[in-house]
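Working notes, structure below.
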Amino acid sequence: MSKRRLNWTATAVAGALLASLIPLAAGSAAAAPAADETEVGPVEQTKIDLARQLRLAATDRVAGQELFSALSTDGVVDPVTVFTKSDSKAGAEFTRLAAAADAGLKEFLGLPKMTGSTLAVYLADQDGQLARGVPPLFAAAPDEDSEASTLTAENLDGKPVIVDLAGEPPAPMIMVSLDMENITPEAMYAVSAALNAAGVLSDVFVPANPPKTTRLDRIKIKNVQEPGAGKWWCPGSLCDAEVFVIAMGGSNGQPRADVVPLYEVNVPNKNYYPFKTIVNWQGFSWSKIDLLIMEKDATGCQAPYSKYGTAVAGAITSLASGSTYVPLNAAARGALQDKKKICSWPLSFTVNLPDYVDRFDGVTQGFVNDHVGASGNADVFTTLITP
Numbered sequence: 045m046s047k048r049r050l051n052w053t054a055t056a057v058a059g060a061l062l063a064s065l066i067p068l069a070a071g072s073a074a075a076a077p078a079a080d081e082t083e084v085g086p087v088e089q090t091k092i093d094l095a096r097q098l099r100l101a102a103t104d105r106v107a108g109q110e111l112f113s114a115l116s117t118d119g120v121v122d123p124v125t126v127f128t129k130s131d132s133k134a135g136a137e138f139t140r141l142a143a144a145a146d147a148g149l150k151e152f153l154g155l156p157k158m159t160g161s162t163l164a165v166y167l168a169d170q171d172g173q174l175a176r177g178v179p180p181l182f183a184a185a186p187d188e189d190s191e192a193s194t195l196t197a198e199n200l201d202g203k204p205v206i207v208d209l210a211g212e213p214p215a216p217m218i219m220v221s222l223d224m225e226n227i228t229p230e231a232m233y234a235v236s237a238a239l240n241a242a243g244v245l246s247d248v249f250v251p252a253n254p255p256k257t258t259r260l261d262r263i264k265i266k267n268v269q270e271p272g273a274g275k276w277w278c279p280g281s282l283c284d285a286e287v288f289v290i291a292m293g294g295s296n297g298q299p300r301a302d303v304v305p306l307y308e309v310n311v312p313n314k315n316y317y318p319f320k321t322i323v324n325w326q327g328f329s330w331s332k333i334d335l336l337i338m339e340k341d342a343t344g345c346q347a348p349y350s351k352y353g354t355a356v357a358g359a360i361t362s363l364a365s366g367s368t369y370v371p372l373n374a375a376a377r378g379a380l381q382d383k384k385k386i387c388s389w390p391l392s393f394t395v396n397l398p399d400y401v402d403r404f405d406g407v408t409q410g411f412v413n414d415h416v417g418a419s420g421n422a423d424v425f426t427t428l429i430t431p
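For the sequence shown, this note's numbering begins at 45 and goes up steadily by one.
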């Protein structure tokens, strides 16, 4: 892969963040690109650039003390608000940059109604070294499915430091990450909205039990397809698995694909009890439907989340327009794992598509009690709720 930094001038992210870098760094030496910087998409580049600018802001005494104190106390902070009470010019400039980056990401990811921040800054410091005055390192958090063994951080002087992801960090790590706890709920609604826009009936299910529904009472997944979860560089809710179910079938000549987020499911081989509707039978005229379980990677190939919906719609619309059951899982799964349909950048790049978890084919209202998915990965217990 060629070592070059891409100019994403066509995206809102690039316009929002990259064009604003010079004012913050005025009077300072320009931050050198990380030694191992490779081709990345706009979401990853935003994280990299914001980490660099956070490092520059932290060299200011007032802003640095405020940042270190907030992270030592809370562990995770919102980059858009962490300096809002700061009296420093560096803090104010960083706040402007972070707000612009957040707005650009919302536009790029297709989340215009999202109110919370798309970004988070967290401290990886198991021994409390930052509070004792140990100088930190700054970096963009790796993608949660990253197979990289190292990352390149910067110290307060801007010098690159190679960090081994398999071992303990050599110093307190201040990391810029996507805030998936905020993003995931909005992403599910974006997927559903795209399905509706493409002519596929769709709702997002929340915990509720309307009449004539199949309720998911328990689920255990052997592999949640999130290898980074729980590691020091991928902590807690910022790096949970984003498991979701698509319930697909026909509704009086129209296709239907309802989206069921399972936010709570993020640890392998653990029983979860969502007590959440996964099939509203009143929405389907078919007596059998398909359930597809996927894990939505954090960046969705760094494409708008709406592409998940348009990909599924393109795959199932003709199949689900008839009056009787036709298998839909294979077509939908294939579309969600087709980088030509999902990804926003050239296909020569390393991409991170949604991960397949499991499926249940030809589900009826008799789908109750214990069941294991077709791939043997998901174990569920369901209940039929009737009037």
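A virtual CB, placed ideally from N, CA and C, is assigned to each residue, including glycine.
To the nearest whole angstrom, what separates the beta carbons of Y400 and Q381, a pair I think is in contact under 8 Å? In this structure Y400 is in contact with Q381, their Cβ atoms being roughly 7 Å apart against a cut-off of 8 Å.
Provide the residue(s) that pair with Q298 in DSSP beta bridges, ordered along the chain. For Q298, which the question treats as bridged, DSSP gives the partners S295.
Would you kindly check if the distance between the Cβ of A291 and the Cβ of I337 is under 8 Å? Contact: no.
Is it buried or exposed, F319, if we count other Cβ atoms within 10 angstroms and call 16 or more buried? Exposed is the call here.
Which residue wins for smallest C-alpha separation from K383, given the options V356, A364 and D402? Per the C-alpha coordinates, the member of V356, A364 and D402 positioned closest to K383 is V356.
Please work out which residues of its chain come closer than 7 Å, Cβ to Cβ, to S72, disregarding the five sequence neighbours upstream and downstream, and give them in chain order. With a pLDDT of 37 at S72, under the threshold of 50, the modelled position of that residue is not reliable, and the figure given next carries that caveat. Here the set comprises L100.
Look at the alpha carbon of T90 and the alpha carbon of A145, and state the distance between them as a whole number of angstroms. One Cα belongs to T90, the other to A145, and the distance between them is close to 7 Å.
Check whether D463 and T162 have beta carbons under 8 Å apart: Because residue 463 is not part of the residues shown, which for the chain are 45 to 431, the question remains open.
Closer than 8 Å is the cut-off here; do at least three beta carbon pairs connect the stretch 168 to 175 with the stretch 209 to 221? Cβ pair count under 8 Å is three or more, so yes.
Can you find the residues in the same chain that come closer than 6 Å, C-beta to C-beta, to L245, ignoring five residues on each side of it along the sequence? For L245, where only same-chain residues beyond five positions count, the Cβ hits under 6 Å are S295, Q298 and R300.
Identify whether N226 lies in helix, strand or coil by the three-state DSSP scheme. Of the three classes helix, strand and coil, the one that applies to N226 here is helix, per DSSP.
Give the C-beta separation of V289 and I322 to the nearest angstrom, bearing in mind that I take them to be a contact with Cβ-Cβ under 8 Å. Distance from V289 to I322 at the Cβ level is roughly 6 Å; contact confirmed, criterion being Cβ atoms closer than 8 Å.
C-beta neighbour in chain C for A237, strict 8 Å: Judged by its chain identifiers, the structure shown contains no chain C, having just a single protein chain.
Short check: CB of W330 to CB of T361, under 8 Å? Cβ atoms of W330 and T361: not closer than 8 Å.
Along the chain, where does the alpha helix (DSSP H) that runs through N199 open and close? Segment: none, N199 is in no alpha helix (DSSP H) and carries neither H nor E.
What runs of the alpha helix (DSSP H), each 4 residues or longer, lie entirely inside the stretch 113 to 165? Listed in chain order, they are 133 to 152.
Roughly how many whole angstroms lie between the Cα atoms of Y195 and V424? For the sequence presented, residue 195 should be read as Leu rather than Tyr. Looking at the two C-alpha atoms, the distance is approximately 38 Å.
Just to confirm before moving on: does the CB-CB distance between M232 and V303 stay below 8 Å? Against a cut-off of 8 Å, the Cβ pair of V303 and M232 comes out as a contact.
If you compare alpha carbons, which of P179, P86 and E230 is closest to A102? The shortest C-alpha to C-alpha distance from A102 to any of P179, P86 and E230 is the one to P179.
K256 vs Q326 beta-carbon contact at 8 Å: Yes, they are a contact pair.
According to DSSP, is P86 part of a helix, a strand, or is it coil? Three-state DSSP puts P86 in a helix.
In whole angstroms, give me the CA-to-CA distance for A192 and I429. Roughly 46 Å separates the two Cα atoms.
Rounded to the nearest angstrom, what separates S113 and A364 at their Cα positions? For S113 and A364, the distance between alpha carbons rounds to 56 Å.
Since K383 is in the beta strand (DSSP E), which residue starts that stretch and which ends it? Not the beta strand (DSSP E): K383 falls in the alpha helix (DSSP H), residues K383 to I386.
Excluding the 5 residues flanking P123 on each side, which residues of the same chain have their C-beta closer than 6 Å to its C-beta? Within the same chain, P123 has close Cβ partners A142, L163 and V165.
Member of W276, M217, N226 and T354 whose CA lies at the smallest distance from the CA of A241: Considering only alpha carbons, the answer is T354.
Which of helix, strand or coil DSSP assigns to Y317: Coil, per DSSP.
Quick check: what's the CA-CA separation for A375 versus G358? Near 9 Å, if we compare the C-alpha coordinates of G358 and A375.
Sequence-distant residues of the same chain with beta carbon closer than 7 Å to G108, five excluded per side: Listed in chain order, the non-local C-beta contacts of G108 below 7 Å within the same chain comprise A102, local neighbours out to five positions each way being set aside.
Who are the Cβ neighbours of V207 in its own chain at under 8 Å, not counting the five residues just before and after it? Cβ within range, chain order: L181, A183, T194, L195, T196, A197, P213, P214 and M217.
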